[in-house]
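Residue numbers (the working numbering): 1 to 487. In this text, a Cβ means the ideal position worked out from N, Cα and C, and glycines have one as well. Predicted model only: the values in this text are computed from it and were never measured. Here's the structure, in structure tokens; my notes come after.
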Ligand code: GLN
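In structure tokens:
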């Protein structure tokens with residue numbers, strides 16, 4: 001069952017020729033056929049294309065290229081917001097119905113260079129707006145641990161596909177938590193890199209100052225390998241940063257965390273935090289302490305404004321970014337008597353209710369008369385949130401928090417109350433506003449039903465190396481990442 005292996009275990013088998021890339025890819029395709037009727041992580045799969053890439057990987061493996069291409073023959077599935085040349089790019093929206101990407105995103109070019117087999121389009125909330133995949137225009141993805149529950153969002157398909165062993169790893173995007181929150185709810189590892197670490201070229205923009213692409217994997221080592229492959233400066237994304245990319249996998253040093261200081265944010269451990277989640281996170285903190293880390297209390301006093309600030313900044317940017325879907329350039333056009341009516345009909349029928357809500361809100365906060373009161377003020381508070389983190393990181397190397405206030409909720413539970421849905425990102429959003437990296441990894445389960453709980457580690461800008469090191473030490477000393485859903 002090669003599809004169940006981690007990237008690192010699989011790579012060894014591929015290099016030793018104990019399994020072929022075709023067999024691995026076929027195993028993933030078979031797994032999708034057998035379980036995706038329940039999980040619904042995939043919007044589409046092009047099996048012939050995947051197998052052709054696998055055959056090319058097998059030829060390269062036969063020539064001994066395995067050691068120089070760290071993902072050679074590894075099947076990786078992609079969120080429907082990242083461009084893969086010739087394949088559908090719909091952002092789970094009707095307005096992009098029938099659209100195919102004309103070029104590869106930079107991350108896809110890099111994955112191909114490292115030898116990955118790119119397959120499948122993963123479900124998501126429409127234009128990455130949501131926390132449950134219930135805003136997908138097509139269908140809701142199910143949590144592999146309990147199909148009555150949501151997998152989180154917006155990258156719910158990316159998380160569910162990894163948890164259900166339908167892909168060895170996947171890519172998602174994170175604007176306010178869309179990698180870490182679904183990773184937590186599905187029990188896998190999800191990493192949001194520092195803003196500028198990974199090129200956004202070929203990522204359909206939601207909120208350009210917050211968006212980053214990142215990996216979903218079965219363990220921390222795989223996250224390190226995938227991050228190394230996709231990171232680095234790209235002249236096609238002016239916000240990507242020319243900081244050198246370390247070999248993150250080599251940076252995983254083992255179990256000793258002596259000399260490291262970890263912060264607990266006072267403001268994060270209160271409010272609507274579920275008691276079982278709190279117990280698991282408290283135990284994880286003790287575990288990290290047992291590994292030698294020193295625990296220090298820190299304060300992030302502006303955290304309480306993070307959700308409010310996010311829903312001003314993100315909607316403002318989204319209202320501008322989504323203006324391009326006008327029936328002229330990209331999408332499915334609905335004709336009208338004149339151009340205005342054509343725009344109205346195209347956008348009126350093409351966008352779903354949450355996307356419309358965001359465009360209206362974003363347009364409002366940018367309009368003259370309200371700009372100063374909302375947008376400008378939100379930007380100022382964003383700076384205060386960044387300063388809170390700067391001050392905290394003078395005292396600590398990383399900050400430990402729950403990833404989400406509760407485990408996976410039931411499908412339908414929060415759809416009628418957008419505010420409740422927005423609050424499920426309460427612990428993840430400030431990281432994007434500050435531009436810092438964050439990782440979520442499994443730290444336990446609720447008891448009845450058994451659902452995964454996620455631990456979040458937040459790091460200094462470009463501090464992915466130490467984040468991964470801490471996460472790896474914790475993971476290797478606990479059993480959580482080995483658990484598999486009952487599929
Ligand atoms: N759930 C948040 C939202 O709805 C974050 C989404 C994301 O990170 N793409 O905007």
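Contact between residue 7 and residue 74 is confirmed by a C-beta separation of about 5 Å, below the 8 Å threshold. Look at residue 243 here: in three-state DSSP terms it is coil, with no helix or strand label.
A distance below 6 Å between beta-carbons, with the five flanking residues on each side excluded, links residue 356 to no residue of its chain. At a Cβ-Cβ threshold of 9 Å, residue 229 and residue 110 count as neighbours.
Your pair residue 159 and residue 193 does not check out as a contact, with CB atoms roughly 17 Å apart and the cut at 8 Å.
Just measuring C-alpha positions, the residue of 401, 452, 137 sitting nearest residue 97 is 137. Comparing alpha-carbon positions, the option among 217, 89, 289 lying closest to residue 257 turns out to be 289.
Restricting attention to beta strand (DSSP E) runs no shorter than 3 residues, the segment 215 to 290 encloses them at 261 to 265, ordered along the chain. In its chain, beyond the 5 residues on either side, 345, 346, 349 have a beta carbon closer than 6 Å to the beta carbon of residue 334.
Taking a C-beta distance under 9 Å as the contact criterion, residue 424 and residue 131 qualify as a contact pair.
Straight-line spacing of the CA atoms in residue 240 and residue 175 works out to 16 Å.
If you look at residue 98, you'll find it isn't in any alpha helix (DSSP H); DSSP assigns it neither H nor E. The nearest non-hydrogen atom of ligand 1 is less than 8 Å from the C-beta of residue 314. Cβ contact annotation for residue 409 (same chain, cutoff 8 Å, sequence separation greater than five): 132, 149, 150, 424, in chain order. Minimum Cα-Cα distance from residue 242 among the listed residues 198, 278, 222 corresponds to 198. Fully contained in the segment 159 to 204 are the following alpha helix (DSSP H) runs of length 4 or more, in chain order: 180 to 186. With a 10 Å radius around the Cβ and a threshold of 16 neighbouring Cβ atoms, residue 341 comes out exposed.
For residue 156, the secondary structure class from DSSP, reduced to helix, strand or coil, is helix. Of the heavy atoms belonging to ligand 1, none sits nearer than 8 Å to the Cβ of residue 434. When the five nearest sequence neighbours on each side are left out, the beta carbons in the same chain lying within less than 7 Å of the beta carbon of residue 422 are those of 307, 311, in order along the chain.
Counting the other CB atoms within 10 Å of its CB gives residue 358 a total of 16 or more, which places it among the buried residues.
Look at the beta carbons and you see the segment 199 to 209 touching the segment 318 to 325: at least three pairs across the two are nearer than 8 Å.
Proximity to residue 62 across 336, 41, 16 peaks at 16, based on C-alpha coordinates. Shortest gap from the CB of residue 295 to any heavy atom of ligand 1: 8 Å or more.
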